[in-house]
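Visitor: Could you have a look at this structure, given as structure tokens, before my questions?
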Amino acid sequence: MNIKVVKDVVAWLSDFRYDPVTITFHGGEPLLAGSSFYRQALPLLAEGLAKNKPSFAIQTNLWRMTPELAKIFAEYNIPIGSSIDGPEDITDYQRGDGYFRKTMEGYRIARENGLDVRFICTFTGYSESQRESIVQFFIDQGFTMKLHPALPSLRSESPNEWALAPEKFGDLLVYLLDQSLDHYHEIDIMNINDLVRCVFTRRGNVCTFADCMGNTYAIGPDGSIYPCYRFVGMDEYVMGNVSDRPTQGDLDNSGPGRLMNEFKDYVDAHCQSCSHIRYCRGGCPYNAIAPSGGKITGVDPHCIAYKRIFDEITDRLNREMFEGQPIPGGFGPGSFGMRMERTKPGIMALMQKIAMQ
């Protein structure tokens with residue numbers, strides 16, 4: 001992406017919406033743009049979109065991190081997302097020899113300059129069986145974990161080669177919930193926090209569990225607009241171009257826009273009897289259409305896993321409330337002789353921890 005496209009983005013967004021905006025630099029590898037790009041782009045975006053109170057983030061493998069880049073990102077309080085799949089042998093097996101070492105070197109530079117770095121851990125059909133050592137690695141390193149299950153891709157000729165089966169993903173989520181509670185003071189697993197927050201607030205708070213259409217867009221290097229970063233580079237999912245300053249209606253009425261809203265309608269019709277519909281919303285639209293080559297024939301295939309973990313959180317929460325301290329006067333939770341001594345933190349404690357972060 002060049003600076004002209006950045007200026008077009010500012011011109012487009014300045015009239016597009018007036019609510020706060022988060023801009024994430026993604027890739028490819030966004031550090032390849034170099035320090036001169038960010039020294040120009042960040043002031044343009046921050047000042048040109050001041051009414052939108054922009055915040056920034058970046059997703060990078062950290063290989064090209066330099067002290068100069070780190071200082072620029074620190075000026076704008078930019079948090080960094082990167083990827084580590086656990087210990088070096090697992091990470092390098094999944095991502096290539098030397099990946100772990102180069103990422104950790106970039107991590108060191110980022111931390112030396114005060115940047116907040118969090119890691120996405122991709123669990124595959126291979127690594128899921130090594131979940132114990134992976135979680136222990138994150139605990140030992142003091143890293144916050146964000147989980148990503150390996151998913152089928154619209155771009156791959158062998159889309160299921162690394163994919164994690166929905167049933168195994170459900171088992172993994174319950175395991176990670178237990179780990180969050182067993183190691184309450186030692187690790188934060190962002191996905192578990194998000195799932196617990198969904199149940200408490202009764203609404204999705206990350207894009208997977210919300211109607212993302214109309215609120216999330218990705219902009220390609222040439223200014224093309226897509227429904228999500230996962231579609232970038234696929235011409236059939238281009239909604240418009242920032243140079244044309246499309247309106248919300250223009251984007252909604254594009255082919256990809258209609259497809260995203262068709263998914264929303266599909267969820268409304270097919271998930272109406274599900275107790276989790278308000279805060280699940282059928283999962284991710286990309287995940288839903290990837291197995292069918294871009295057609296909507298079902299919801300996110302990981303629905304099985306989502307339902308499993310939402311049920312687990314809900315059931316545990318209900319038990320905790322029933323077994324808790326009774327309300328003075330003899331009525332309420334725990335007033336029927338069912339109170340139990342809790343030996344470790346539960347869902348309520350985890351929610352309190354989340355609220356205090």
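When you line the sequence shown up against the working numbering, it's residues 1 to 357, in that order. Heads up, the beta-carbon is just placed ideally off N, CA and C, and yes, glycines get one too.
(1) So, with DSSP's three-state summary, where would you put residue 344?
(2) With C-beta atoms as the reference, is residue 115 less than 9 Å away from residue 80?
(3) Residue 199 and residue 279 - do their beta-carbons sit closer together than 9 Å?
(4) Just to confirm, are residue 362 and residue 16 a CB contact at a threshold of 9 Å?
(5) Can you tell me where the alpha helix (DSSP H) holding residue 40 begins and where it ends?
(6) From this set, 109, 211, 235, 192, which residue's C-alpha is nearest residue 346's C-alpha?
(7) Whole angstroms are fine: how far does the CA of residue 63 sit from the CA of residue 167?
(8) List the whole-angstrom C-beta distance separating residue 164 from residue 309, where the pair is believed to meet the contact cut-off of C-beta under 8 Å.
(9) Would you call the CB atoms of residue 237 and residue 256 closer than 9 Å?
(10) What does residue 149 pair with, by DSSP beta-bridge criteria?
(11) Spatial neighbours of residue 104 within its chain, please: C-beta separation below 6 Å, excluding the five flanking residues on both sides.
(12) Compute the beta-carbon to beta-carbon distance between residue 89 and residue 98, rounded to the nearest angstrom, for a pair I have assumed lies under 8 Å.
(13) If you drop the 5 nearest sequence neighbours on each side, which residues of the same chain put their C-beta closer than 6 Å to that of residue 149?
(14) With DSSP collapsed to three states, give me the class of residue 299.
(15) If you draw a straight line from the alpha carbon of residue 130 to that of residue 112, how long is it in whole angstroms?
(16) Around the Cβ of residue 18, are there at least 16 other Cβ atoms within 10 angstroms (buried) or fewer (exposed)?
(17) Between residue 239 and the rest of its own chain, which residues show a CB-CB distance below 6 Å, the 5 nearest in sequence each way excluded?
(18) Among residues of its own chain, excluding the 5 on either side of residue 289, which ones have a beta-carbon nearer than 7 Å to its beta-carbon?
(19) Measure the beta-carbon distance from residue 10 to residue 45 and round it to whole angstroms, keeping in mind my assumption that it falls under 8 Å.
(20) Helix, strand or coil for residue 56 per DSSP?
(21) Starting from residue 219, follow its DSSP beta bridges and name the residues at the other end.
(22) Starting from residue 25, trace the beta strand (DSSP E) in both directions and tell me its first and last residue.
(23) Using alpha carbons as the reference points, say which of 263, 282, 261, 262 lies closest to residue 271.
(24) What first and last residue would you give for the beta strand (DSSP E) that runs through residue 275?
(25) So the candidates are 110, 69, 71; which of them puts its Cα closest to the Cα of residue 401?
(26) Please work out which residues of its chain come closer than 7 Å, Cβ to Cβ, to residue 137, disregarding the five sequence neighbours upstream and downstream, and give them in chain order.
(27) Use the C-beta contact count for residue 32: other C-beta atoms within 10 angstroms, 16 or more gives buried, fewer gives exposed.
(28) Mapping DSSP to helix, strand and coil, what is residue 111?
(29) Of all Cβ atoms in chain D, is any one closer than 9 Å to the Cβ of residue 170?
(30) Give the straight-line distance between the Cα atoms of residue 118 and residue 128, rounded to the nearest whole angstrom.
(31) What does the Cβ neighbour count give for residue 352, buried or exposed, with the cut at 16 atoms within 10 Å?
(32) For my contact list, residue 121 and residue 147 are in at a C-beta cut-off of 8 Å; report their separation, rounded to the angstrom.
(33) Please name the residue in 292, 300, 291 whose C-alpha comes closest to that of residue 277.
(34) Please classify residue 17: does DSSP put it in a helix, a strand, or coil?
(35) Taking 8 Å as the cut-off, is the beta-carbon of residue 72 closer than that to any non-hydrogen atom of the ligand PLP?
(36) Can you tell me whether DSSP reads residue 118 as helix, strand or coil?
Guide: With the structure as the only source:
(1) Here residue 344 corresponds to residue number 344 of the sequence shown, with the count starting at 1. Coil at residue 344, not helix or strand.
(2) Residue 115 sits at position 115 when you count from the first residue of the sequence shown. Residue 80 sits at position 80 when you count from the first residue of the sequence shown. Yes.
(3) As a working note, residue 279 is residue 279 in the sequence shown. As a working note, residue 199 is residue 199 in the sequence shown. In contact: residue 279 and residue 199 (Cβ atoms closer than 9 Å).
(4) Outside the shown range of the chain (1 to 357) lies residue 362, about which nothing can therefore be said.
(5) By 1-based counting over the sequence shown, the position of residue 40 is 40. It spans 34-48 - the alpha helix (DSSP H) in which residue 40 sits, taken as one unbroken run.
(6) Within the sequence shown, numbered from 1, the residue matching residue 346 stands at position 346. Closest option to residue 346, Cα to Cα, is 192.
(7) On the sequence shown, residue 167 is found 167 positions in, with the first residue counted as 1. On the sequence shown, residue 63 is found 63 positions in, with the first residue counted as 1. Those two C-alpha atoms are separated by around 34 Å.
(8) Within the sequence shown, the letter at position 164 stands for residue 164. Within the sequence shown, the letter at position 309 stands for residue 309. Residue 164 to residue 309, Cβ: 14 Å. No contact.
(9) Stepping through the sequence shown from its first residue, residue 237 is reached at position 237. Stepping through the sequence shown from its first residue, residue 256 is reached at position 256. Yes, they are a contact pair.
(10) To locate residue 149, count along the sequence shown from 1; it is residue 149. Per DSSP, 123.
(11) On the sequence shown, position 104 is the one that residue 104 refers to. Around residue 104: no qualifying Cβ.
(12) Working through the sequence shown from its first residue, we reach residue 89 at position 89. Working through the sequence shown from its first residue, we reach residue 98 at position 98. About 12 Å; that fails the 8 Å criterion.
(13) As a working note, residue 149 is residue 149 in the sequence shown. Answer for residue 149: 123, 164, 169, listed in chain order.
(14) Within the sequence shown, the letter at position 299 stands for residue 299. Residue 299: coil per DSSP, three-state reduction.
(15) Position 130 of the sequence shown, counting from 1, holds the residue named residue 130. Position 112 of the sequence shown, counting from 1, holds the residue named residue 112. Looking at the two C-alpha atoms, the distance is approximately 31 Å.
(16) Within the sequence shown, residue 18 is the residue found at index 18, counting from 1. With fewer than 16 Cβ atoms within 10 Å of its Cβ, residue 18 is classed as exposed.
(17) Start at 1 with the first residue of the sequence shown, and residue 239 comes out as number 239. Result list for residue 239: 225, 251, 254, 256, 257, in chain order.
(18) Here residue 289 is taken as the residue at index 289 of the sequence shown, counted from 1. Cβ within range, chain order: 295, 296.
(19) Locating residue 10 in the sequence shown gives position 10, where the first residue counts as 1. Locating residue 45 in the sequence shown gives position 45, where the first residue counts as 1. Confirmed, Cβ separation roughly 6 Å.
(20) By 1-based counting over the sequence shown, the position of residue 56 is 56. Three-state DSSP puts residue 56 in a strand.
(21) Here residue 219 refers to the residue found at position 219 of the sequence shown. In the DSSP output, where bridge partners are listed per residue, residue 219 has 225.
(22) Mapped onto the sequence shown, residue 25 falls at position 25. That run of the beta strand (DSSP E) goes 22-25.
(23) By 1-based counting over the sequence shown, the position of residue 271 is 271. For residue 271, the nearest C-alpha among the options comes from 282.
(24) Start at 1 with the first residue of the sequence shown, and residue 275 comes out as number 275. Element bounds for residue 275: n/a, residue is neither H nor E.
(25) Shown here, the chain extends from 1 to 357; a query on residue 401 therefore has no answer.
(26) Here residue 137 is taken as the residue at index 137 of the sequence shown, counted from 1. Excluding sequence neighbours, residue 137 sits near 86, 87.
(27) Here residue 32 is taken as the residue at index 32 of the sequence shown, counted from 1. With fewer than 16 other Cβ atoms within 10 Å, it is exposed.
(28) On the sequence shown, position 111 is the one that residue 111 refers to. DSSP places residue 111 in helix when its eight states are reduced to three.
(29) No chain D is part of this structure, which consists of one protein chain only.
(30) Here residue 118 is taken as the residue at index 118 of the sequence shown, counted from 1. Here residue 128 is taken as the residue at index 128 of the sequence shown, counted from 1. C-alpha separation (whole angstroms): 20 Å.
(31) Within the sequence shown, the letter at position 352 stands for residue 352. Under this definition residue 352 is an exposed residue.
(32) In the sequence shown, residue 121 corresponds to position 121, counting from 1. In the sequence shown, residue 147 corresponds to position 147, counting from 1. At roughly 6 Å, the Cβ-Cβ gap stays under 8 Å, so residue 121 and residue 147 are in contact.
(33) Along the sequence shown, read from residue 1 onward, the residue named residue 277 stands at position 277. Checking every option, the nearest Cα to that of residue 277 belongs to 300.
(34) Numbered from 1 along the sequence shown, position 17 holds the residue referred to as residue 17. Coil at residue 17, not helix or strand.
(35) Here there are no bound small molecules, and the ligand PLP is not part of this structure.
(36) If you number the sequence shown from 1, residue 118 lands on position 118. DSSP places residue 118 in strand when its eight states are reduced to three.
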